[in-house]
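Keeping their order, the protein sequence lines are chains A and B. The numbering of the first sequence is my numbering, which starts it at 21 and goes up by one. The numbering of the second sequence is my numbering, which starts it at 21 and goes up by one. Ideal Cβ placement from N, Cα and C applies to all residues, glycine included. The structure under discussion appears below in the form of structure tokens.
Number of protein chains: 2
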Amino acid sequence: MYVSNMVFVAGLSHLLKKPRTMKKLINKPEDFVRESLAGMAVAHADLIQMNVDPTFVYRADAPVPGKVAIISGGGSGHEPMHAGFVGKGMLDAACPGEVFTSPTPDQMLAAAKQVDGGAGILYIVKNYSGDVMNFEMATELAHSEGIRVLNILIDDDVAVKDSLYTQGRRGVGTTVLAEKICGAAAEQGYNLSQIADLCRRVNLHGRSMGIALSSCTVPAKGTPTFTLSDRQMEIGIGIHGEPGRKRIEVKSADEITEILSQSIIEDDGYGRTVREWDENKADWVDVELIDPPLQTGDRLLAFVNGMGGTPVSELYLVYRKLAEICEQRGLQIVRNLIGPYMTSLEMQGCSITLLKLDDEMMRLWDAPVNTPSWRWGI
Amino acid sequence: MYVSNMVFVAGLSHLLKKPRTMKKLINKPEDFVRESLAGMAVAHADLIQMNVDPTFVYRADAPVPGKVAIISGGGSGHEPMHAGFVGKGMLDAACPGEVFTSPTPDQMLAAAKQVDGGAGILYIVKNYSGDVMNFEMATELAHSEGIRVLNILIDDDVAVKDSLYTQGRRGVGTTVLAEKICGAAAEQGYNLSQIADLCRRVNLHGRSMGIALSSCTVPAKGTPTFTLSDRQMEIGIGIHGEPGRKRIEVKSADEITEILSQSIIEDDGYGRTVREWDENKADWVDVELIDPPLQTGDRLLAFVNGMGGTPVSELYLVYRKLAEICEQRGLQIVRNLIGPYMTSLEMQGCSITLLKLDDEMMRLWDAPVNTPSWRWGI
């Protein structure tokens, strides 16, 4: 008896420790980003081109003379963001880093040179320490080469005030909306400081929070970024799998939607500061951001984003409850976006973003766009 | 020692047997389909409306007088197909069954009555025994009420000749392409028999095959439809998780793409028969289908479809290799579609569809479309 039990235990323990094969459609982990981007570039050669070294993706017709160019970037693994949003009416270039790793200043500078149409460049930067530092460095390098660059931070995640990779809030879903709205403004001839003001306003009026039902595996690492038991979910998850507010028992879609939307709607918009380049002072300055609270009658864009491993059927189920909650609170959803726009590899879960709209933002939202992953009106 | 080992074993065995919580954004399993559709209908009220009993989704502006109406349907769990494709330039109505379960003839008949613009109706039917039987019954019921209906079968899956739920090949990715192309033809004033001929031609020229890296869980069942070990994948998977050709060790994306595309390109297009309604004979007749082989110089639409749990970054990686293979074989990809259009709940994996295009199909493919999940040119 004693012996046979030992064998059983040993056998089980072996089973549990056996390394898992990554369940991904990939070749070598180190080629994941390059090969995925190459596929996108081949598929959409009419819209985008890819520069291999340093790596960035840019509009096939760039530079567009006289137009402000919009550039974003960040770690890979969030596709279609950002490369899938390069094209008419949205981004002029995207700089992808390795998975969940910031791109480098040389990528950002090279992209700026490639798409500079003479009217200046806006870097849209998600608030993660690496991205912030490198985009600031790229901004200074661009200035030294005579290219006018401003950069605006997106820090819309109400889940946490500081986190693993950030000072202050993280930048999440509002980034996608800012890229669409600012891209349309650039297309319509707005100048650089107008677009920077608009982007800051979108960030101020946009708030997000997400949940994860499962983890994700960075190809180069080969094991899940974090572990969740079969019965747990992570409330306030970051897009790199970094911890959020708390880990709780799995709840129903309606309960999850209640938790997320309540956190977003009732966020107090604490005053916070971000660094921006001041053209008059030719130096970095601290800008204080104060979120205006949501009020009855406000018009909203409601964005239900899929994390990569969750099908759209579930996102619509979340949207159904979100629409109900907003209606009960006297908030009017006038536009929506539902789908996997900013993913975390194959993570299961979703995030909700609510953006308070004004007439100008709504008009720009509706403007034509033609990118690999977002196309309408063209 | 003996006792403590027993405890350890008992503890482990308890852990292993503990029922898993479904990692889905859902409420009650029995409400999944209705609540997801309701969310879609609320989100896209300008495009679609939902009829609750019997359940179907239809174009908000239906019936369109003088236009042939296109209706499709099938089990739920494949979203955005079909409800997400209802709108101008694609479907007039979609009839969703419960998850992986055929809709009923009364849904199909009610949808036909709702969208009948007087020019007749085409049912696009995926080849699964339940769907075929029920759409045939609905066709007869519609005729008895004086509505002209034809139905065309899609049976494009080259993985298996017969399968768990079919006599003959299963209907998969080509369905999406047929809905787009026939929807455009209807919008442009084609008559019913012209559209039926076109749909049959699309089916003849389209071939697909898929693979699964993971299983999926039907909400009402609560446990995975099938099991794959951490190291296995299923080649030739059906969209309901039904078995394909074989189960093998997980391979690289390039190897998977080789296997799928070779199977598709070299398929011998064995002669097969399907039942269609013959208007002259006023009866069902057997129609023989003979696939024309692919030849050097053929122009293709290449469709890389995500199964629901796989992010678009991985689909682009597959597309990259597919484009390379087609080029090597002298096949010219002139259009592509990449994304999760026909899913199997949260299954990880993909399918490839190659459709040989002619000028007419290409023109119809490019035509404007405005549905919840597919929009361009409008």
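Handout entry: Residues in the stretch 262-294 of chain B having any Cβ partner in chain A nearer than 7 Å
Key = Listed in chain order, the positions of the stretch 262-294 of chain B with a beta carbon within less than 7 Å of a beta carbon of chain A are V270, S272, A273, D274 and I276.
Practice task
Would you decide whether L184(B) is buried or exposed? Buried here means 16 or more other CB atoms lie within 10 Å of its CB.
Solution key: By one-based count along the second sequence, residue 184(B) stands at place 164. In summary, L184(B) is exposed, with fewer than 16 beta-carbon neighbours lying within 10 Å of its beta-carbon over all protein chains present.
Problem - From G230(B), L218(B), T293(B) and V222(B), residue whose alpha carbon lies closest to that of R267(B) - result: Counted from its first residue, the second sequence places residue 267(B) at position 247. Ranking G230(B), L218(B), T293(B) and V222(B) by Cα distance to R267(B) puts G230(B) first.
Problem - C-alpha distance - E50(A) paired with E366(B), whole-angstrom precision - result: To locate residue 50(A), count along the first sequence from 1; it is residue 30. To locate residue 366(B), count along the second sequence from 1; it is residue 346. Rounded to whole angstroms, E50(A) to E366(B) spans 26 Å at the Cα level.
Exercise for the section: Please report the Cβ distance between I159(B) and N147(B), rounded to the nearest whole angstrom; I am assuming they are in contact, meaning their Cβ atoms lie under 8 Å. Expected result: Locating residue 159(B) in the second sequence gives position 139, where the first residue counts as 1. Locating residue 147(B) in the second sequence gives position 127, where the first residue counts as 1. The sequence given here has Thr at residue 159(B), not Ile. Between T159(B) and N147(B) a beta carbon distance of about 15 Å is seen, past the 8 Å cut, so the two are scored as non-contacting.
Exercise for the section: Note the first and the last residue of the continuous beta strand (DSSP E) segment covering I257(B). Expected result: Working through the second sequence from its first residue, we reach residue 257(B) at position 237. The continuous stretches of beta strand (DSSP E) do not include I257(B), and DSSP gives it neither H nor E.
Practice task
State the DSSP-derived secondary structure class of S92(B), mapped to helix, strand or coil.
Solution key: Numbered from 1 along the second sequence, position 72 holds the residue referred to as residue 92(B). In this structure, S92(B) counts as strand in the three-state DSSP scheme.
Exercise for the section: Report yes or no: is there a C-beta of chain A within less than 7 Å of the C-beta of P388(B)? Expected result: Position 368 of the second sequence, counting from 1, holds the residue named residue 388(B). Chain A, which has no Cβ nearer than 7 Å to the Cβ of P388(B), makes this no.
Handout entry: With 16 other Cβ atoms within 10 Å as the buried cut-off, status of T391(B)
Key = As a first step, residue 391(B) must be located in the second sequence, where it is residue number 371. By the C-beta density criterion, T391(B) is buried, having at least 16 other C-beta atoms within 10 angstroms.
Problem - Between the CA atoms of S249(A) and R79(A) - distance to the nearest angstrom - result: Residue mapping note: residue 79(A) aligns to position 59 of the first sequence, counting from 1. Residue mapping note: residue 249(A) aligns to position 229 of the first sequence, counting from 1. One C-alpha to the other measures close to 43 Å.
Handout entry: Beta carbon proximity, G93(B) to chain A, threshold 7 Å
Key = As a first step, residue 93(B) is located in the second sequence; it is residue number 73 there, counting from the start. No, because no Cβ of chain A sits closer than 7 Å to the Cβ of G93(B).
Practice task
Please determine, among A302(B), C346(B) and L212(B), the residue with the shortest C-alpha to C-alpha distance to L278(B).
Solution key: Looking up residue 278(B) in the second sequence gives position 258. Residue 278(B) is actually Glu in this sequence, not Leu. Nearest C-alpha to E278(B): C346(B).
Exercise for the section: Could you tell me which chain B residues have their CB closer than 8 Å to the CB of V338(A), listed as they occur along the chain? Expected result: Stepping through the first sequence from its first residue, residue 338(A) is reached at position 318. Identification of chain B residues near V338(A) by a Cβ-Cβ cut-off of 8 Å yields L45 and G59, ordered along the chain.
Problem - Check whether L309(A) and L224(A) have beta carbons under 7 Å apart - result: Counting from one through the first sequence, the residue named residue 309(A) turns up at place 289. Counting from one through the first sequence, the residue named residue 224(A) turns up at place 204. The Cβ-Cβ distance between L309(A) and L224(A) falls below 7 Å.
Problem - chain A contact for R54(B) (CB, 7 Å cutoff) - result: By 1-based counting over the second sequence, the position of residue 54(B) is 34. The C-beta of R54(B) comes no closer than 7 Å to any C-beta of chain A.
Exercise for the section: Identify every run of the alpha helix (DSSP H) within the stretch 267-310 of chain B, keeping only runs that are complete inside it and at least 4 residues long; order them along the chain. Expected result: Counting only unbroken stretches of 4 or more residues, the alpha helix (DSSP H) elements lying wholly within the stretch 267-310 of chain B are 273-285, in sequence order.
Problem - Residues in the stretch 303-332 of chain B having any Cβ partner in chain A nearer than 7 Å - result: For the stretch 303-332 of chain B, which is checked against every Cβ of chain A, the residues closer than 7 Å are G328, G329, T330, P331 and V332.
Exercise for the section: Determine which residues share a DSSP beta bridge with F246(A) and list them. Expected result: Indexing the first sequence from 1 puts residue 246(A) at position 226. None, per the DSSP bridge assignment.
Exercise for the section: For R221(A), decide whether its Cβ has a neighbour in chain B, counting only Cβ atoms nearer than 7 Å. Expected result: Counted from its first residue, the first sequence places residue 221(A) at position 201. Interface residue (Cβ-Cβ distance to chain B less than 7 Å): R221(A) is not classified as such.
Exercise for the section: List the whole-angstrom C-beta distance separating A302(B) from N356(B), where the pair is believed to meet the contact cut-off of C-beta under 8 Å. Expected result: What you label residue 302(B) is simply residue 282 of the second sequence in a count that begins at 1. What you label residue 356(B) is simply residue 336 of the second sequence in a count that begins at 1. Rounded to the nearest angstrom, the Cβ distance from A302(B) to N356(B) is 42 Å, too far for a contact under 8 Å.
Exercise for the section: Out of A132(A), D176(A), M60(A) and Q69(A), point me to the one whose CA is closest to S283(A)'s CA. Expected result: To locate residue 283(A), count along the first sequence from 1; it is residue 263. Among A132(A), D176(A), M60(A) and Q69(A), the Cα nearest to that of S283(A) is on D176(A).
Problem - Range of the contiguous beta strand (DSSP E) that encloses I46(A) - result: As a working mapping, residue 46(A) is identified with position 26 in the first sequence. In the DSSP annotation of this structure, I46(A) is not part of any beta strand (DSSP E), being labelled neither H nor E.
Exercise for the section: Kindly indicate if chain B contains any beta-carbon less than 7 Å away from that of N356(A). Expected result: Counting from 1 along the first sequence, the entry for residue 356(A) is found at position 336. Chain B contact via Cβ: present.
Handout entry: Selection from G193(A), P100(A), G317(A) and K133(A) that minimises the alpha carbon distance to M60(A)
Key = By 1-based counting over the first sequence, the position of residue 60(A) is 40. For M60(A), the nearest C-alpha among the options comes from P100(A).
Handout entry: Proximity to V106(B) [Cα-Cα], best of V77(B), G166(B) and A273(B)
Key = The residue given as residue 106(B) occupies position 86 in the second sequence. When only C-alpha atoms are compared, the closest one is V77(B).
Exercise for the section: Ignore the nearest five residues each way along the sequence and tell me which others in V29(A)'s own chain have a CB closer than 6 Å to its CB. Expected result: The residue given as residue 29(A) occupies position 9 in the first sequence. Bear in mind that the predicted position of V29(A) carries a pLDDT of just 44, short of 50, making it too unreliable to give a figure here.
Exercise for the section: Taking 7 Å as the cut-off, decide whether the C-beta atoms of A206(A) and V389(A) are in contact. Expected result: As a working note, residue 206(A) is residue 186 in the first sequence. As a working note, residue 389(A) is residue 369 in the first sequence. The Cβ-Cβ distance between A206(A) and V389(A) does not fall below 7 Å.
Practice task
Could you spell out where the alpha helix (DSSP H) holding C370(B) opens and where it closes?
Solution key: Taking the first residue of the second sequence as 1, we reach residue 370(B) at position 350. It is not in any alpha helix (DSSP H) - C370(B) instead sits in the beta strand (DSSP E) that spans G369 to K376.
Exercise for the section: Per DSSP, which residues does P116(B) bridge with? Please list them. Expected result: Counting from one through the second sequence, the residue named residue 116(B) turns up at place 96. Under DSSP, the beta-bridge partners assigned to P116(B) are G94(B).
Exercise for the section: Return no unless some Cβ of chain B is closer than 7 Å to the Cβ of W385(A). Expected result: In the first sequence, residue 385(A) corresponds to position 365, counting from 1. At a cut-off of 7 Å, the C-beta of W385(A) has no neighbouring C-beta in chain B.
Problem - Complete runs of the alpha helix (DSSP H) confined to the stretch 316-395 of chain B [at least 4 residues] - result: Listed in chain order, they are 332-348 and 379-386.
Handout entry: Euclidean distance between Cα positions of K48(A) and E334(B)
Key = If you number the first sequence from 1, residue 48(A) lands on position 28. If you number the second sequence from 1, residue 334(B) lands on position 314. Near 12 Å, if we compare the C-alpha coordinates of E334(B) and K48(A).
Practice task
Excluding the 5 residues preceding and the 5 following P125(B) in the sequence, name in chain order all residues of the same chain whose CB lies nearer than 7 Å to its CB.
Solution key: Indexing the second sequence from 1 puts residue 125(B) at position 105. Sequence-distant Cβ neighbours of P125(B) in its own chain, meaning closer than 7 Å and more than five residues away, are N154, M157, A158 and L161.
Handout entry: Pick from D136(A), G97(A) and N325(A) that is closest to E55(A), judged by C-alpha positions
Key = The count along the first sequence starts at 1 and reaches residue 55(A) at position 35. Closest option to E55(A), Cα to Cα, is G97(A).
Handout entry: Three-way DSSP call (helix, strand, coil) for I398(A) in this model
Key = Along the first sequence, one-based indexing puts residue 398(A) at 378. Residue state for I398(A) is assigned as coil, using DSSP reduced to three classes.
Practice task
Could you tell me if Q368(A) is buried or exposed, where buried requires 16 or more neighbouring beta carbons within 10 angstroms of its beta carbon?
Solution key: By 1-based counting over the first sequence, the position of residue 368(A) is 348. With 16 or more Cβ atoms within 10 Å of its Cβ, Q368(A) is classed as buried.
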